[in-house]
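Using this note's numbering, read the sequence shown as starting at 1 and increasing by one per residue. Beta carbons: idealized from backbone N, C-alpha and C, even for Gly. Bear in mind the structure is a predicted one, so any value in this text is a computation, not a measurement. Since the structure comes first, as structure tokens, the remarks are kept for the end.
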Amino acid sequence: MTLSTLLGTYQARTEQALQHWLPSARILPTRLHEAMRYAALGGGKHIRPTLVYMTGVALGAPLERLDGPACALELIHVYSLVHDDLPAMDDDDLRRGKPTTHIAFDEATAILVGDALQSLAFYILAHDPHMVSNPALRLRMVETLTLASGSRGMAGGQAIDLAAAGHEITLAELEDMHIHKTGALIRASVRLGALSQPDSDETLLEQLDHYAKCMGLAFQIRDDILDIEGDTAILGKPQGSDLAGDKPTYPALVGMDEAKRMARDLHQEALDSLAPLGDAGQPLRDIAEYIINRNS
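This is the structure we're talking about:
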């Protein structure tokens, strides 16, 4: 399959899984459930769940075993976006080409949406009957996602980001921030896909983790570049929002040319980590190419 076909296939599977697990808007509390579905459905590139699918399939896991982890990753990602968009955080009014959740509903509902989506993600990992049946592997998957989304992962990265606004930081500090804020969930996506195949060895898990670490940083560098060079209509969020918020970015710290060079180097390092997979790793190579060249 071409990358475009694979992306479409995995995006559709993710949407189907989300439709299955999200409560109906007809169930009380109806406004909260409507807002959860508004935030999670019908938008986004679904990069993180796609990485779950691609990694698992490359190692031989059946697709139905990967639906639950993919859905859980997307719910955590969406919850983070809903909270990040709030006035107390990034104060954005546009996300995925439509009004942010707190604009479409209200701030209190948006907070509850994030809370509920986060808890639903872990419910899925605990209850999905199609996932790996080995309790130890399920526990490792829960551990992976909790660490990636908490204070030592995504939430911690956002805290560092908020504290850094308006301040000069070093390149090492910027990298550390994004290893947590953006990279943690991307690494978790690859790891959950790999853990869905019970006989994956630890050496291969480490190499896949390095691939994901490199791509997480490359993803963020590309985001920073698009904040300057992108178009709001294509991005689906306000262009220049990082600049307006006086946030530290790679182009601001090292210049645009160097930022692009760093992204290319990280891309190559990621590809090198996939060598043990041979031809089975081609979709992961293709999505790495897509990530550093995307325009939204």
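Exercise. What distance in whole Å lies between the Cβ atoms of T5 and K70, which are believed to be in contact at a cut-off of 8 angstroms?
Worked result: Strictly speaking, residue 70 in this sequence is Ala, with Lys absent from that position. With a Cβ gap of about 17 angstroms, A70 and T5 do not count as contacting.
For this session: Between the Cα of K213 and those of Q197, A188, E229 and L195, spot the shortest distance and give me the residue it belongs to.
Result: The shortest C-alpha separation from K213 is found at A188.
Problem set entry | Any 3 or more C-beta pairs closer than 8 angstroms across the segment 130 to 145 and the segment 39 to 57 | Of all C-beta pairs linking the segment 130 to 145 to the segment 39 to 57, fewer than three are shorter than 8 angstroms, placing the two stretches out of contact.
Exercise. Tell me which same chain residues have a C-beta within less than 7 angstroms of the C-beta of Y290, skipping the five on either side of it?
Worked result: L3
For this session: Whole angstroms is fine: what's the gap from A184's alpha carbon to F219's?
Result: 12 angstroms
Exercise. Between the C-alpha atoms of H83 and D91, what's the straight-line distance to the nearest angstrom?
Worked result: Going from the Cα of H83 to the Cα of D91 covers about 10 angstroms.
For this session: Please look up how many angstroms separate the CB atoms of L253 and L171, rounded, as I've assumed it's under 8 angstroms.
Result: 6 angstroms
Exercise. Between the beta-carbon of L73 and the beta-carbon of P49, is there less than 8 angstroms?
Worked result: Taking a C-beta distance under 8 angstroms as the contact criterion, L73 and P49 qualify as a contact pair.
Problem set entry | Expected contact under 8 angstroms - CB spacing of L117 and V78 to nearest Å | Taking a contact as a CB-CB distance under 8 angstroms, the pair L117 and V78 counts as one, their CB atoms being some 6 angstroms apart.
Problem set entry | Limits of the unbroken alpha helix (DSSP H) element including K260 | M256 to S273
For this session: Alpha carbon to alpha carbon, how far is G281 from A159? Give it in angstroms, no decimals.
Result: 34 angstroms
For this session: Starting from D161, trace the alpha helix (DSSP H) both ways and give me its first and last residue.
Result: Segment M154 to A164, the alpha helix (DSSP H) holding D161.
Exercise. Given that a residue counts as buried once 16 or more other Cβ atoms are within 10 Å of its Cβ, and exposed if not, what is S273?
Worked result: buried
Exercise. Going by alpha carbons, who is nearest to G156 out of M141, M177, V142 and H167?
Worked result: M177
Problem set entry | Span of the alpha helix (DSSP H) around E168 | Looking at the DSSP string, E168 is not in any alpha helix (DSSP H), and its letter there is neither H nor E.
Exercise. What first and last residue would you give for the alpha helix (DSSP H) that runs through Q282?
Worked result: Q282 to N293
For this session: Give the range of the alpha helix (DSSP H) segment to which Y189 is assigned.
Result: In the sequence as displayed, the identity of residue 189 is Ser instead of Tyr. Here the alpha helix (DSSP H) through S189 covers G183 to L195.
Exercise. Between which two residues does the alpha helix (DSSP H) containing K213 stretch?
Worked result: Counting along the chain, the alpha helix (DSSP H) containing K213 begins and ends at E202 to E229.
Exercise. Which residues bound the alpha helix (DSSP H) around V78?
Worked result: L63 to D84
Problem set entry | CA nearest to the CA of Q11, picked from W21, K181, G42 and S200 | G42
For this session: For I169, collect the residues of the same chain with a Cβ closer than 7 angstroms to its Cβ; drop the 5 residues on either side in sequence, then sort them by chain order.
Result: P248
Problem set entry | L204 versus R31: straight-line alpha-carbon distance, rounded | 45 angstroms
Exercise. Where H20 and E258 are concerned, what is the direct C-alpha to C-alpha distance, given to the nearest angstrom?
Worked result: 44 angstroms
Exercise. Which whole-angstrom value describes the C-beta separation of D85 and T100, a residue pair presumed to lie in contact below a C-beta threshold of 8 angstroms?
Worked result: That pair is a contact at about 4 angstroms.
Problem set entry | Residue from M141, A263, T146 and K260 with nearest C-alpha to L66 | M141
Exercise. Start and end of the alpha helix (DSSP H) containing L32?
Worked result: T30 to A40
Exercise. In terms of residues, what are the limits of the alpha helix (DSSP H) holding I103?
Worked result: T101 to A104
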